[in-house]
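Enquirer: Heads up, the sequence shown is in numbering that gives the first Met the number 0, so the first residue is 0 and it goes up one at a time.
Handing you this structure, nothing more for now.
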Amino acid sequence: MSFMKIATSALAITAATVTVAAAQGRDNVQIAGSSTVLPYANIVAEAFGENFDFPTPVVESGGSSAGLKRFCEGVGENTVDIANASRAIKDSEIETCNANGVTDIMEVRIGYDGIVFASQIDGPAFTAFTEDQWYKALAAELPVDGKMVANPNKTWADVDASLPAEDIMAFIPGTKHGTREVFEVKVIEAGCESSGNKEAIMAITADEDATMTACTAIRTDGASVDIDGDYTETLARIDANPNGVGVFGLSFYENNTDKLKVATMGGVAPSTETIASGDYPVSRPLFFYVKKQHIGVIPGLKEYTEFFVSDDMAGPDGPLAEYGLVSDPELAATQTAVADETTM
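Rendered as structure tokens:
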């Protein structure tokens, strides 16, 4: 099937700023969740409404955790049909779903995205970072002489003399966002280990769980600011703070290169190519989760799901790739799983 009408209006969406109020009826597919997946879902929803005899799906943001919480509230027309997520669903969330009667869940991987570190285009020379630099900049406490002490680093140059001598001011995803978990694991925890501090903390705590908690605890003295909104809020903070550095999704950065410059991580520049190859260290798969029990009940739910992962939309030459999604090399397998309504 070819969807010829998607070329113009779907790509014209400024998806990062689009949220939709709750539908009046339940002839619409209802979707909530990740702000990272939001622009892709908006592009697909708009194209779906133009190409099918179903209403345009309702797409809301709020973060991966919030979307999955709503998804797992139960089965029925007063609950959402799909949860977008920039991380995999947790076992605890599956348990909550099951306890509330959501027993048949389809996991749909749509492709890949990277987490990038960007600053004002005319700001300080934040052009190259490593995971251990971010850990040393944002850790709540660091091991010093056999004790855990409050992070003494005030400037990036305190962290590493090769970095600008500017106050540390980082804008990172809030805890309800799936991006935060990826950031903690692939940047902060990885930096704790690569810097040798994880071993030093283990020697102090003698407890693996306590060591992990200490490694990923973020300072709360103002040097790091949680952003609970989407990337547009992070961009606004960067606009207002010339020395700030923000955490963004690759696609958002690529659509704002007139305002932002991006840094390498571990010597690798983020791009669709380096993410697809696995060379860029801070990348992650993107998902949405479908309530199979709503298929055949909510009009257009399966059709929307199949359309989303079609070659026309999620393929390497589709509009999602043009917006910044790294197409999944195993997209064909996903298409088959969706057609067969395969559950987790």
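Every residue, glycine too, gets a C-beta built ideally from N, C-alpha and C.
All of these numbers come straight from a predicted model, not from anything done at the bench.
What separation, rounded to the nearest whole angstrom, lies between the Cα atoms of residue 179 and residue 172?
Expert: 5 angstroms
Enquirer: Below 8 angstroms on the Cβ atoms is my guess for residue 157 versus residue 297; work out the distance and round it to an integer in Å.
Expert: Between residue 157 and residue 297 a beta carbon distance of about 54 angstroms is seen, past the 8 angstroms cut, so the two are scored as non-contacting.
Enquirer: Over the uninterrupted beta strand (DSSP E) stretch that includes residue 334, give me the two end residues.
Expert: Careful: residue 334 lies outside any beta strand (DSSP E), inside the alpha helix (DSSP H) at 330 to 338.
Enquirer: Distance check for residue 197 and residue 343, CA to CA, integer angstroms please.
Expert: 34 angstroms
Enquirer: Kindly give me the distance between the Cβ atoms of residue 51 and residue 299, rounded to whole angstroms, as I take these residues to be in contact under 8 angstroms.
Expert: 6 angstroms
Enquirer: Give every residue of the same chain whose Cβ lies closer than 6 angstroms to the Cβ of residue 53, excluding the five residues on either side of it in the sequence, and list them in chain order.
Expert: 298, 299
Enquirer: Excluding the 5 residues flanking residue 72 on each side, which residues of the same chain have their C-beta closer than 7 angstroms to its C-beta?
Expert: 78, 99
Enquirer: Less than 7 angstroms between the C-beta atoms of residue 308 and residue 292, yes or no?
Expert: Against a cut-off of 7 angstroms, the Cβ pair of residue 292 and residue 308 comes out as no contact.
Enquirer: Using a Cβ-Cβ cutoff of less than 7 angstroms, which residues in the same chain neighbour residue 163 once the five nearest sequence positions on both sides are dropped?
Expert: 123, 124, 125, 155, 156
Enquirer: Taking Cβ positions, are residue 263 and residue 127 nearer each other than 7 angstroms?
Expert: yes
Enquirer: Are the CB atoms of residue 31 and residue 86 nearer to each other than 7 angstroms?
Expert: no
Enquirer: Where does residue 130 land, buried or exposed, given buried means 16+ other C-beta within 10 angstroms?
Expert: So residue 130 counts as buried.
Enquirer: Taking residue 42 as part of the alpha helix (DSSP H), name the residues at either end of that continuous run.
Expert: 37 to 50
Enquirer: Can you tell me which residues form a DSSP beta bridge with residue 30?
Expert: 58, 81
Enquirer: What did DSSP end up calling residue 218 once you bin it into helix, strand or coil?
Expert: coil
Enquirer: Note down the Cα distance separating residue 215 from residue 315, rounded to an integer number of angstroms.
Expert: 35 angstroms
Enquirer: What ranges does the beta strand (DSSP E) occupy inside the region 82 to 154, keeping only unbroken runs of at least 3 residues that lie completely in it?
Expert: Fully contained in the region 82 to 154 are the following beta strand (DSSP E) runs of length 3 or more, in chain order: 104 to 119, 140 to 143, 146 to 149.
Enquirer: Could you have a look at residue 364 and say whether DSSP puts it in helix, strand or coil?
Expert: Because the chain here runs from 0 to 343, residue 364 falls outside it and cannot be looked at.
Enquirer: I'd like to know whether the C-beta atoms of residue 248 and residue 63 end up nearer to each other than 7 angstroms.
Expert: Contact flag unset, no.
Enquirer: Can you tell me whether residue 328 is buried or exposed? The criterion is at least 16 other CB atoms within 10 Å of its CB, across all chains shown.
Expert: exposed
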